[in-house]
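Using full-length UniProt numbering, you'd call the opening residue of the sequence shown number 1 and step up by one each time.
In this text, a Cβ means the ideal position worked out from N, Cα and C, and glycines have one as well.
As the structure is a computational prediction, the values presented were derived from the model and not from experiment.
Report on the following structure.
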Amino acid sequence: MADSLILEVADLEHDVLTGIYSEETGKPQPLRITIRARLKCAPHYAPDTPLDASKNYMDLKFAATEALPPGVHFKLIEAVADHICETLFLQDSRVEAVTVKIVKLAIAEAGEKIGITLTRERRE
């Protein structure tokens, strides 16, 4: 099995205009977003390895918050996940794959997790 490096931001909550909820209410829908980005792995990480040898975790958070265009209604949450993936691929050529899990908080009635998980591989 090859070495791998996964960066993750889990359970980030952000309001996004998406789905029937936003269509009916005109308000953004609260989403819980988890992002896992697989990066090209260095052969070794020594104690003095510089910070730029990896990706900043805040870039993952940015892709799920500030990088989403304000006022745009994403009809499908799949489109939200796709936008997050594309943002991360454009930010850094070391990103090989991205998995985005989105849970729709507004429609849960008994604590269930309703949503999607989308994985995209970088297309060369």
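Check whether the Cβ atoms of residue i and residue j sit closer than 7 Å, and answer yes or no.
i    : j    : result
K113 : V100 : no
V98  : L90  : no
I84  : A106 : no
R122 : E86  : no
In the DSSP assignment, what are the bridge partners of residue i?
i    : result
G115 : V103
I84  : DSSP, once it has assigned bridges, lists no residue as partnering I84.
H14  : L31
Using C-beta distances below 7 Å, list every residue in its chain close to residue i, excluding the 5 sequence neighbours before and after it, in chain order.
i   : result
S4  : R38 and C41
E78 : I116 and L118
P30 : E13, D15, L105 and A106
Here's the rule I'm using: 16 or more other beta-carbon atoms within 10 Å means buried, otherwise exposed. How should residue i be labelled?
i    : result
R117 : Here the sequence assigns Thr to residue 117, which means Arg is not the residue at that position. Result: exposed.
L51  : exposed
A81  : buried
L76  : exposed
By Cβ distance below 8 Å, which residues in the same chain neighbour residue i in space, the five residues on each side in sequence not counted?
i   : result
A53 : A42 and Y45
P28 : D15, V16, L17, T18 and S22
L12 : R32, I33, T34, I35, K61, A64 and T65
D59 : L88, Q91 and D92
V72 : L17
I6  : R36, A37, R38 and L39
A67 : H83, I84 and T87
Output needed for residue i: all residues of its chain with C-beta closer than 6 Å, excluding positions within five of it in sequence on either side, in chain order.
i    : result
E8   : R36
A10  : T34
R120 : C85 and V98
Chain D beta carbons: is any one of them nearer than 7 Å to that of residue i?
i   : result
K55 : Absence of chain D from the displayed structure is noted, only one protein chain being present.
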